[in-house]
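Residue numbers (the UniProt record's numbering): 1 to 353. Heads up, the beta-carbon is just placed ideally off N, CA and C, and yes, glycines get one too.
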Amino acid sequence: MYVAYLATRSIIRSVPKHGMHGRPGCHHRNLTTLPSHHILPSGDKIPSVALGVWQAGKGEVGAAVQTALKTGYRHIDGAWIYGNEEEVGKAISASGVPRDQLWLTSKLWNNFHAPEDIEPALDETLTRLNTEYLDLYLIHWPIAFKKGSNNVLDKELTANPYPTWQKLEELVDKGKIRNIGISKIKNLTANPLKHKPAVNQVELNYFNPQPELLKWSKENGLLLEAYSPLGSTKQVKEALSVPEVKEIAKKLDITPAQALISWHVQRGTIVLPKSVTPSRVQENFQGLFHIFLTYGMAMECAKLMWRLIVVTLPDDLFDKLEKAATSHPPQRVVNPSKNWGLDFDVFDENWPL
Ligand code: A2P
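Here it is as structure tokens:
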């Protein structure tokens with residue numbers, strides 16, 4: 001199976017079950033920490049927190065990316081279909097952040113799954129982002145549409161994504177993509193893969209925490225990325241009002257969004273919060289950092305360590321939120337099946353193909 005989901009646990013430093021006390025200084029002996037990145041099978045380090053740019057509109061996404069890069073984000077999660085790659089690319093170029101310090105993800109849209117359509121689609125993304133390579137390219141959905149169509153299912157390529165995967169492997173070997181992954185599927189393992197999926201990007205949030213998938217993925221060395229981690233535009237308000245989320249925020253003197261983002265990192269997933277509001281873009285990144293300070297670390301130390309480690313929520317608070325999230329009936333927030341006019345649910349286990 002997949003080789004290297006980086007064990008979150010392996011870089012957790014030791015420590016008190018319920019947080020730490022006193023001012024530990026820069027030795028951080030008493031800190032329980034989580035990784036600020038994960039290591040993929042390729043050896044590449046993917047930062048744990050990204051700016052997600054789905055639904056970040058033209059005219060606002062560039063400023064959001066610039067704010068994010070100034071704040072310290074080094075990971076942008078985008079896609080061809082979001083229609084904003086050019087503005088994202090311009091913002092990245094203007095930031096002056098060296099390319100090798102950035103993690104750029106994009107996604108192959110449903111109507112480019114035919115092997116001969118993949119490289120031109122990728123090239124368009126590369127041009128728009130003004131880069132020579134992507135750090136990660138995902139098959140956006142486990143659904144292929146017929147060439148040029150936006151809703152006519154290509155049954156053959158949907159039932160068998162292997163030719164699509166093989167073309168992506170070729171593009172890794174060509175140097176245009178460093179890592180390839182999937183989104184919302186886990187069924188490629190039946191084939192002999194040259195490059196295994198590096199990640200699986202799925203919906204993970206308070207409403208749809210998918211504990212079984214998370215467990216399976218950890219056991220099989222497949223890193224999960226959490227999209228719509230705050231409940232997306234539709235349910236973010238509700239997510240931020242969950243009593244357990246509010247309790248964590250109050251006890252740690254952080255905001256509810258920061259509490260949720262910490263929870264995702266602590267679950268061992270990559271988290272992709274989207275915002276186009278500058279103060280929120282900052283808030284979503286600085287919460288993890290802020291927890292250092294709450295625990296009494298000197299500001300200078302926290303700054304020094306910031307890129308290296310992320311402090312966990314105290315076990316009791318983490319467990320309480322995990323229990324609350326996993327004990328109500330799961331509810332998926334984002335499902336485009338109806339909009340695409342499919343006569344089945346893309347998230348059903350058994351497709352009538
Ligand atoms: P906006 O982009 O207007 O700032 P998700 O990451 O789950 O997809 O959620 C995105 C939604 O959550 C967007 O509506 C975004 O609004 C909102 N959002 C992002 N960060 C915060 C925050 N820190 N506080 C409140 N709402 C937030």
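Around the Cβ of residue i, are there at least 16 other Cβ atoms within 10 angstroms (buried) or fewer (exposed)?
{"i": "residue 258", "result": "buried"}
{"i": "residue 177", "result": "buried"}
{"i": "residue 256", "result": "buried"}
{"i": "residue 136", "result": "buried"}
{"i": "residue 112", "result": "buried"}
{"i": "residue 372", "result": "With the chain represented from 1 up to 353, any question about residue 372 goes unanswered, as that position is not in the structure."}
{"i": "residue 191", "result": "exposed"}
{"i": "residue 210", "result": "buried"}
{"i": "residue 167", "result": "buried"}
{"i": "residue 28", "result": "Annotation note: pLDDT 41 at residue 28 (below 50); position unreliable, no value reported."}
{"i": "residue 196", "result": "buried"}
{"i": "residue 159", "result": "exposed"}
{"i": "residue 120", "result": "exposed"}
{"i": "residue 116", "result": "exposed"}
{"i": "residue 268", "result": "buried"}
{"i": "residue 241", "result": "exposed"}
{"i": "residue 336", "result": "exposed"}
{"i": "residue 349", "result": "exposed"}
{"i": "residue 217", "result": "buried"}
{"i": "residue 376", "result": "The shown model of the chain, from 1 to 353, leaves out residue 376, and the question about it has no answer."}
{"i": "residue 310", "result": "Only weak support exists for where residue 310 lies, its pLDDT of 47 falling under 50; the value from the coordinates is given anyway. It counts as buried."}
{"i": "residue 101", "result": "exposed"}
{"i": "residue 203", "result": "buried"}
{"i": "residue 149", "result": "exposed"}
{"i": "residue 329", "result": "exposed"}
{"i": "residue 327", "result": "exposed"}
{"i": "residue 26", "result": "Interpretation of residue 26 is limited by its pLDDT of 42, a score under 50 that renders its predicted location unreliable; the figure taken from the coordinates is listed afterwards. Classification of residue 26: exposed, given that the 10 Å Cβ count is below 16."}
Hey, quick one: how far does the alpha helix (DSSP H) through residue i stretch, first residue to last?
{"i": "residue 334", "result": "Residue 334 -> no alpha helix (DSSP H), and no H or E assigned at all."}
{"i": "residue 61", "result": "61-71"}
{"i": "residue 106", "result": "Counting along the chain, residue 106 falls outside any alpha helix (DSSP H), though it belongs to the beta strand (DSSP E) covering 103-108."}
{"i": "residue 214", "result": "211-219"}
{"i": "residue 264", "result": "256-267"}
{"i": "residue 318", "result": "315-326"}
{"i": "residue 240", "result": "232-240"}
{"i": "residue 89", "result": "85-95"}
{"i": "residue 346", "result": "That residue, residue 346, is in no alpha helix (DSSP H); it is neither H nor E in DSSP."}
{"i": "residue 98", "result": "Residue 98 -> no alpha helix (DSSP H), and no H or E assigned at all."}
{"i": "residue 243", "result": "243-252"}
Would residue i pass as a contact of residue j if the rule is Cβ separation under 7 angstroms?
{"i": "residue 42", "j": "residue 270", "result": "no"}
{"i": "residue 143", "j": "residue 333", "result": "no"}
{"i": "residue 224", "j": "residue 200", "result": "yes"}
{"i": "residue 198", "j": "residue 69", "result": "no"}
{"i": "residue 106", "j": "residue 125", "result": "yes"}
{"i": "residue 324", "j": "residue 219", "result": "no"}
{"i": "residue 151", "j": "residue 351", "result": "no"}
{"i": "residue 67", "j": "residue 278", "result": "yes"}
{"i": "residue 239", "j": "residue 264", "result": "no"}
{"i": "residue 179", "j": "residue 145", "result": "no"}
{"i": "residue 97", "j": "residue 65", "result": "no"}
{"i": "residue 73", "j": "residue 285", "result": "yes"}
{"i": "residue 85", "j": "residue 122", "result": "no"}
{"i": "residue 103", "j": "residue 140", "result": "no"}
{"i": "residue 55", "j": "residue 207", "result": "no"}
{"i": "residue 52", "j": "residue 274", "result": "yes"}
{"i": "residue 147", "j": "residue 353", "result": "no"}
{"i": "residue 50", "j": "residue 272", "result": "yes"}
{"i": "residue 262", "j": "residue 313", "result": "yes"}
{"i": "residue 138", "j": "residue 83", "result": "no"}
{"i": "residue 318", "j": "residue 282", "result": "no"}
{"i": "residue 236", "j": "residue 60", "result": "no"}
Strictly by DSSP, which residues pair up with residue i?
{"i": "residue 201", "result": "183, 225"}
{"i": "residue 52", "result": "77, 274"}
{"i": "residue 38", "result": "46"}
{"i": "residue 177", "result": "134"}
> Which runs of the beta strand (DSSP E) fall wholly inside the segment 115-161 and span at least 3 residues, in chain order?
Replying inline: 136-139
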